[in-house]
Structure formats: structure tokens, C-alpha cells
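Just so you know, the sequences run in chain order A, B and C.
When we follow this note's numbering, the leftmost residue of the first sequence carries the number 1, and every step to the right adds one.
When we follow this note's numbering, the leftmost residue of the second sequence carries the number 1, and every step to the right adds one.
When we follow this note's numbering, the leftmost residue of the third sequence carries the number 1, and every step to the right adds one.
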Amino acid sequence: MNKKTTWTLAALAALVVAGCATGPSVSELNDLARQVAKASFRDEGIVKADKVLNADETNRLCSEADVAGKPLDEAMAKRIEETNLKAIQWPADGQFLGDWKQGEAIAQSGRGLTFTDTANTVNGGNCYNCHQIDQKEISFGTIGPSLYHYGKIRGVTDPASEAAKPIVEYTWGKIWNSKAYNACSNMPRAGHSGILNATQIRHLVALLLDPNSPVNK
Amino acid sequence: MLVWRVKSKGLTLLLFEQNKEVTMQRSRLLFWMAAAALSCASALAQKTASQGIDEYRAMLQDGNPAELFEAKGEGLWTQKRGPKNATLEKCDLGKGPGVVKGVFVELPRFFADTGRVQDLESRLLTCMETLQGFNAAEIAKTGFGKGEQNNVTALATWIASESKDMRFNLSQSHPQEKTFYEVGKRLFFQRGGPHDFACASCHGEDGKRIRLQDLPNLTKNPGDGVGFAAWPAYRVSNGQMWGMQQRLNDCYRQQRFPYPGFGSDATIALGVYLGVNSKGSASIAPAIKR
Amino acid sequence: MADPMRIRAQASGDKATVRVLMSHEMESGQRRDAAGKLVPAWHITEVTAALNGKQVLAAEWGPAVSKNPFLQFAIKGAKAGDKVAVSWKDNKGDSRTDEVTVS
Numbered sequence: 001m002n003k004k005t006t007w008t009l010a011a012l013a014a015l016v017v018a019g020c021a022t023g024p025s026v027s028e029l030n031d032l033a034r035q036v037a038k039a040s041f042r043d044e045g046i047v048k049a050d051k052v053l054n055a056d057e058t059n060r061l062c063s064e065a066d067v068a069g070k071p072l073d074e075a076m077a078k079r080i081e082e083t084n085l086k087a088i089q090w091p092a093d094g095q096f097l098g099d100w101k102q103g104e105a106i107a108q109s110g111r112g113l114t115f116t117d118t119a120n121t122v123n124g125g126n127c128y129n130c131h132q133i134d135q136k137e138i139s140f141g142t143i144g145p146s147l148y149h150y151g152k153i154r155g156v157t158d159p160a161s162e163a164a165k166p167i168v169e170y171t172w173g174k175i176w177n178s179k180a181y182n183a184c185s186n187m188p189r190a191g192h193s194g195i196l197n198a199t200q201i202r203h204l205v206a207l208l209l210d211p212n213s214p215v216n217k
Numbered sequence: 001m002l003v004w005r006v007k008s009k010g011l012t013l014l015l016f017e018q019n020k021e022v023t024m025q026r027s028r029l030l031f032w033m034a035a036a037a038l039s040c041a042s043a044l045a046q047k048t049a050s051q052g053i054d055e056y057r058a059m060l061q062d063g064n065p066a067e068l069f070e071a072k073g074e075g076l077w078t079q080k081r082g083p084k085n086a087t088l089e090k091c092d093l094g095k096g097p098g099v100v101k102g103v104f105v106e107l108p109r110f111f112a113d114t115g116r117v118q119d120l121e122s123r124l125l126t127c128m129e130t131l132q133g134f135n136a137a138e139i140a141k142t143g144f145g146k147g148e149q150n151n152v153t154a155l156a157t158w159i160a161s162e163s164k165d166m167r168f169n170l171s172q173s174h175p176q177e178k179t180f181y182e183v184g185k186r187l188f189f190q191r192g193g194p195h196d197f198a199c200a201s202c203h204g205e206d207g208k209r210i211r212l213q214d215l216p217n218l219t220k221n222p223g224d225g226v227g228f229a230a231w232p233a234y235r236v237s238n239g240q241m242w243g244m245q246q247r248l249n250d251c252y253r254q255q256r257f258p259y260p261g262f263g264s265d266a267t268i269a270l271g272v273y274l275g276v277n278s279k280g281s282a283s284i285a286p287a288i289k290r
Numbered sequence: 001m002a003d004p005m006r007i008r009a010q011a012s013g014d015k016a017t018v019r020v021l022m023s024h025e026m027e028s029g030q031r032r033d034a035a036g037k038l039v040p041a042w043h044i045t046e047v048t049a050a051l052n053g054k055q056v057l058a059a060e061w062g063p064a065v066s067k068n069p070f071l072q073f074a075i076k077g078a079k080a081g082d083k084v085a086v087s088w089k090d091n092k093g094d095s096r097t098d099e100v101t102v103s
């Protein structure tokens with residue numbers, strides 16, 4: 001038995017003895033879970049265990065809320081959303097839209113960032129895993145809402161117009177950092193977490209908002 | 001006599017029109033009725049993508065290649081192997097030395113001799129080491145599909161088959177079993193990695209799917225033969241036999257998490273959480289998957 | 001020696017249905033590995049079946065048959081107690097024969 005297992009066993013044994021009458025407290029269990037995770041996961045490929053297990057405040061608080069089975073209280077949720085909103089990087093040149101055809105390819109691809117990928121893998125957006133987007137694609141997930149007719153439903157006929165600005169910015173923001181608008185969203189923070197770069201996100205915004213995109217036909 | 005033939009999805013309706021003048025209106029009415037009937041019929045005849053996949057999977061059930069691994073595992077149980085040249089017939093999987101029937105649906109559980117909660121695959125490592133003299137740590141470090149790992153998989157497949165159709169009934173009487181349930185629950189909801197994924201991101205709600213793959217809600221009992229009750233399973237898409245350890249490993253890989261050690265406490269704790277949640281559901285392991 | 005086949009033979013009326021699960025990688029010879037190299041062909045080329053020693057089925061298989069193949073066929077006139085033997089040979093010269101009694 002290696003050192004890590006012995007240490008965790010000792011911690012577990014101590015917990016059991018201490019909590020014999022009433023069982024370990026919530027915070028003791030949280031600590032134990034952290035120790036178990038640290039002892040169980042190892043670095044592999046391009047993934048560093050430390051980085052993943054020491055999640056940021058957003059993930060930590062949302063995970064705790066899920067374990068407790070209660071949603072985050074409003075004030076905390078708002079604070080998380082504000083923090084994430086402030087962290088959004090808007091396009092430096094003010095160009096929000098790219099090429100919807102490349103956007104479709106990015107939405108279809110789920111590659112990158114796993115422990116069997118390399119640093120050279122071009123990351124995909126994973127979008128179809130959770131969303132319906134182009135109606136032609138029948139292999140879509142339902143973890144997120146359908147995005148078919150995304151621009152059409154929102155009345156965006158000219159993404160460059162002043163009227164469309166709020167929707168265009170929201171779309172960029174949501175893809176860059178979904179938690180800016182919903183603290184415990186299931187959706188990844190593509191830009192914030194370095195999954196996709198600004199160019200790729202431009203293509204995705206076009207996929208959703210370009211009137212010529214099949215999404216809006 | 002004019003004949004209208006309306007055809008759709010293998011159904012053909014022939015409408016006969018006798019006198020062109022008088023029956024013009026009637027033929028139009030008939031046409032629309034036919035069109036309506038055909039679209040209803042075709043809607044009934046048309047399968048959802050999910051149904052089509054279910055039919056394909058049902059067809060695969062016959063001659064599940066998992067049986068090949070079952071046969072291999074059964075042979076390994078009574079074969080003298082390892083530095084100690086011994087069989088596994090004295091291995092205690094939770095219901096006494098050598099008892100295999102019914103153990104799968106009670107794992108993971110606490111074992112007094114090792115002082116820890118163990119799942120099937122980590123318990124097999126314990127037995128392979130203590131009875132046969134193999135190095136458990138070495139086997140744990142060996143990648144899936146290589147060396148002794150193949151034997152662990154075959155053994156796990158056979159042992160699971162000896163509980164086929166029995167209902168999950170994990171013990172929560174030992175304090176460590178209760179603690180591991182809570183640890184497993186926390187791991188299940190732990191968000192992390194660049195995608196902020198937790199197990200719950202995919203398996204935390206009813207009626208969701210990823211692409212076209214239905215996702216069971218694993219925060220509660222997902223029903224007979226689903227989730228925890230369906231592994232080990234033979235995966236047709238890559239022709240591989242996967243135990244629960246490999247299933248969890250690949251889930252974590254797709255979550256962009258680091259590598260969970262084979263038989264590590266994190267994987268065992270998750271097994272406790274999933275297994276206890278499945279209480280009462282029937283195991284169909286070893287199953288067959290796409 | 002290759003891994004054993006799983007054979008089941010069940011008599012019903014005037015025939016017996018035989019179901020065979022074979023353990024074989026069945027590499028088509030067209031797949032490339034992670035490094036881009038062609039994985040050499042390694043698959044079953046011949047399958048035969050015999051009822052009480054007399055051949056009742058002969059098949060030539062190629063790269064289109066998938067891994068761990070499942071074969072099902074019926075033998076007219078076979079009854080409970082008869083012996084069914086299934087054999088295969090592959091392109092590397094390996095072979096396997098397994099026998100079962102019709103139930």
C-alpha cells in the first residue's frame with residue numbers, strides 16, 4: 001500500500017472514531033472528499049491534477065450547492081455572475097462576427113484538452129453535445145436548449161446594426177463566459193477557460209446570428 | 001378512368017376517379033384525405049432516432065461477445081497462476097471465501113481484512129496479490145487492455161454474470177460505507193477542469209442526452225439495467241470489454257479531468273454512491289453497448 | 001492456441017439452431033494505428049461445421065467480418081445428443097475447433 005493510501009486511511013479511521021456517535025460533520029466530509037480526490041488523481045498527458053482539483057470559487061460554490069441540494073442564495077449567485085462578467089474579454093477590434101461555415105465545424109468538434117490530447121490539438125466547441133443548432137444535424141444533445149433559429153427568434157436581421165448590439169454582445173459574452181449570466185450554468189466558459197480563442201468564438205457568433213447561417217433559415 | 005397513385009414510405013394509395021366532371025371536387029377531397037392518411041401513417045411508421053438505436057442494440061444482444069470474456073474469467077478463477085501458483089478459489093468477495101454468486105450486487109462494501117471499502121476490481125487485485133502473489137500496485141499501474149488488466153476484466157465480467165438479474169443491495173451499515181457514500185456524492189457533484197464539468201453535468205437530470213446517447217440520472221435509481229447496473233459491458237464500437245473502473249476512467253477523460261488511479265478511493269467512493277442509489281434495480285451485467 | 005468459442009446448439013422440431021461466438025481480432029488490414037502505420041490483416045479465412053463428424057457447413061471469410069464474430073445457422077435433421085463441431089482457420093495459420101452436444 002502506498003503512502004497516499006495509508007494517509008487517507010488514517011484520516012478516514014480518525015474520522016470514523018471521532019464521529020462514532022453522530023457521524024462526521026459536513027465540513028469533515030468535505031475535507032475527506034478533497035483528500036480522497038488528491039490521493040486518487042494523477043497528472044496525465046496535458047492535464048495537471050492540481051489545477052483541476054483546486055477549482056475556482058465559481059465551481060467550488062456551485063458544487064457545494066449541488067451537494068446540499070439547494071440553489072445558491074441570490075446574493076452569492078449575483079456576486080459570482082458579476083465576477084465572471086468582469087472577466088470577459090471583448091473583441092479587441094470590435095468585430096463580433098466571423099464565418100458561420102467555420103462556426104459549424106467548431107460546433108461539431110469535441111476535440112481537445114483531454115489527457116489523451118496533445119498541446120497541439122485544435123480544440124472544438126463541443127456545442128452539438130448539448131445543443132441543437134443547424135436543423136440538418138439530427139445528432140444533437142438536449143442538455144442545453146435548442147439554438148435553432150437563434151438570431152431569427154431574437155429579431156436580428158442585421159447583426160451590425162445598433163438595434164442588434166445587445167444581442168450580439170450577449171451572445172459573445174455567453175460563449176466567452178456562460179457563468180456571467182447564470183452563476184451555476186452547466187455550460188463551459190469557452191473563452192475564459194481557454195477552450196476557444198477569439199477567432200473561433202467569432203465564427204460561433206456568426207453561426208448563431210448571421211442571417212445567412214443555416215441556423216436562421 | 002383516371003387513377004391517382006399517392007405513394008409515401010412504402011404505402012401506396014390508389015384513388016379511382018370515374019367521371020372527370022362530376023367527381024372533380026370529390027377527387028380533390030379524396031386527395032387531401034389520402035394525403036392526411038399517408039402523413040399520419042408515415043408519422044406512425046417513422047421511428048425516432050432513439051427507437052432506431054434501441055432496435056439496433058436489441059439485435060446485438062444475441063451473441064454478446066461479453067460471453068467470451070465470461071468464459072475466460074470463469075477459467076481464470078480455478079487456474080493456478082502467479083508466483084504462488086494458486087487459484088482464486090479462496091478469494092473472499094464479500095460473502096465468504098470462494099462465494100461468487102450474488103457478490104456483484106453487494107459491491108462496493110467494507111472488508112475487515114484490508115480495513116477499507118473496496119469495489120470488485122480493487123478486491124480482485126487484493127486476492128490476486130494475497131493468494132497468487134501478483135503485485136497489485138503493478139497491475140493497477142498497467143493500462144487497460146494490457147497484461148494482467150485483461151485478466152482482471154475477464155474475472156470481473158464472469159463474477160458480474162453470476163449476479164445477472166439480481167437486485168442491487170449494497171450495505172450501508174459500516175461507518176466507512178456511509179462515509180464513502182458521502183464522499184462519492186461530493187465527487188459526483190465536483191465541478192472542475194476547463195469545461196467546469198462534474199459527473200452531474202451529464203448525469204444530474206432526467207431525460208437528457210449527449211448527442212444521441214441517452215443519459216441516465218444517476219443521482220437516484222435510474223431503473224433496471226441502467227447506469228451502474230449495466231457495467232461491465234462489451235462496447236461494440238471499439239470491440240472492448242469495459243469494467244466499471246474503465247467506464248469511470250473514460251468519463252473523467254471526457255470531463256477533461258486528470259487520471260483516476262485504478263481502484264483508487266475516488267473510484268470506489270463513486271461506486272458506493274452510484275450503487276446505493278441503484279438499490280433495488282436489477283443488474284444486467286455483463287451488458288452490450290454501442 | 002486461440003481463445004475458445006462459445007457454442008450453443010438447440011434442437012427444435014426437425015432441426016437444430018447453432019449459435020457460435022468466436023473470439024478473434026479480425027483485423028481487416030486496412031486500419032491504421034495511432035502512428036499511421038497499416039495494421040496487418042489478421043482474420044479468419046475458413047469456417048467449417050460438422051455434425052457427428054460429417055461436414056455440414058463451409059465458409060470463406062474475408063476482412064468484412066467484424067471482431068468477435070457471431071455466427072448462427074440451422075442444421076436439418078440434427079437432434080438432441082448429436083455432436084456439433086465448429087472449426088476456424090485464420091490467415092496466420094492459427095486455428096481452433098470446439099465441440100458441443102445438441103441440447
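Backbone N, C-alpha and C define an ideal beta-carbon position, used for all residues, glycine too.
Model, not experiment: these values are computed from the prediction.
(message) Strictly by DSSP, which residues pair up with A:Arg242?
(response) Past the edges of chain A, shown from 1 to 217, lies residue 242 of chain A, and the structure says nothing about it.
(message) Could you compute how far the alpha carbon of A:Cys62 sits from the alpha carbon of B:Gly261?
(response) 26 Å
(message) Going by beta-carbon coordinates alone, are A:Ser40 and B:Ser264 separated by less than 8 Å?
(response) yes
(request) Would you list the one or two residues that DSSP bridges to B:Gln213? (result) B:Ile210
(request) Compute the distance between the beta-carbons of C:Val100 and C:Arg32, then report whether it is under 8 Å. (result) no
(message) Considering only DSSP beta bridges, list what B:Val117 is partnered with.
(response) B:Phe110
(message) Quick check on this structure: which residue in A:Asp56, A:Val215, A:Val36 and A:Asp31 has the alpha carbon closest to the alpha carbon of A:His192?
(response) A:Asp56
(request) Excluding the 5 residues preceding and the 5 following C:Lys83 in the sequence, name in chain order all residues of the same chain whose CB lies nearer than 7 Å to its CB. (result) Asn52, Glu99 and Thr101
(request) Return the CA-CA distance between B:Glu74 and B:Asp119, expressed in angstroms with no decimal places. (result) 19 Å
(request) Answer yes or no: do B:Met128 and B:Gly82 have a C-beta to C-beta separation smaller than 8 Å? (result) yes
(request) Give me the Cα-Cα distance between A:Glu28 and B:Ile268, rounded to the nearest whole angstrom. (result) 19 Å
(request) Closer than 8 Å, Cβ to Cβ, to anything on chain A: give me those residues from the segment 96–120 of chain B, in chain order. (result) Gly115 and Arg116
(request) Please name the residue or residues paired with C:Lys107 in a DSSP beta bridge. (result) Because chain C spans 1 through 103 in this model, residue 107 of chain C falls outside it and cannot be assessed.
(request) Starting from C:Ser23, find everything on chain B with Cβ-Cβ shorter than 7 Å and list it in chain order. (result) Leu68
(request) Check whether the Cβ atoms of B:Gln240 and B:Gly145 lie closer than 8 Å to each other. (result) yes
(message) Taking 7 Å as the limit between beta carbons, can you name the residues of its chain near B:Ser122, skipping five residues before and five after?
(response) Gly263 and Ile268
(message) On the DSSP letters alone, give me the boundaries of the beta strand (DSSP E) that B:Glu138 sits inside.
(response) Premise fails: B:Glu138 lies in the alpha helix (DSSP H), Ala136 to Lys141, not in any beta strand (DSSP E).
(request) Determine contact between the segment 12–25 of chain C and the segment 246–260 of chain B, defined as no fewer than three beta-carbon pairs at a distance below 8 Å. (result) no
(request) Have a look at A:Gly94 and A:Asn212 and give me their C-alpha separation to the nearest angstrom. (result) 21 Å
(request) Apply the 10 Å Cβ neighbour rule to B:Asn217 and answer buried if 16 or more other Cβ atoms are within range, or exposed otherwise. (result) buried
(request) For C:Phe70, go through chain B and note every residue whose CB falls closer than 8 Å to its CB, in chain order. (result) Asp62, Gly63 and Pro65
(message) Suppose you measure from the CA of B:Ser283 to the CA of B:Thr78; what does that come to, to the nearest Å?
(response) 25 Å
(message) Contact criterion: CB-CB distance below 8 Å. Does B:Val276 meet it with respect to chain A?
(response) no
(request) Express the C-alpha separation of C:Thr48 and C:Ser87 in angstroms, rounding to a whole number. (result) 5 Å
(request) Quickly, what does DSSP pair B:Ile234 with across the bridge? List them, please. (result) Inspection of the sequence shows that residue 234 of chain B is occupied by Tyr rather than by Ile. For B:Tyr234, which the question treats as bridged, DSSP gives the partners B:Met241 and B:Ile288.
(request) Might you give, ordered along the chain, the residues of its own chain that have their beta carbon closer than 8 Å to the beta carbon of A:Gly112, omitting 5 neighbours on each side? (result) Thr121, Val122, Asn123, Gly124 and Ile195
(message) Rounded to whole angstroms, what is the Cα-Cα separation between B:Lys47 and B:Arg290?
(response) 18 Å
(message) Please identify, using Cβ separations under 7 Å, the residues of the segment 47–70 of chain C that lie next to chain B, in order along the chain.
(response) Lys67, Asn68 and Phe70
(message) Using the three-state DSSP reduction, which class does C:Gln72 fall into: helix, strand or coil?
(response) strand
(message) Extract the residue ranges of the beta strand (DSSP E) inside the segment 127–182 of chain B, only unbroken runs of 3 or more that lie entirely within it.
(response) none
(message) On the DSSP letters alone, give me the boundaries of the alpha helix (DSSP H) that B:Arg57 sits inside.
(response) Ala49 to Gln61
(message) Is there a Cβ of chain B sitting closer than 8 Å to that of A:Cys229, yes or no?
(response) Absent from the structure is residue 229 of chain A, since the part of chain A shown begins at 1 and ends at 217.
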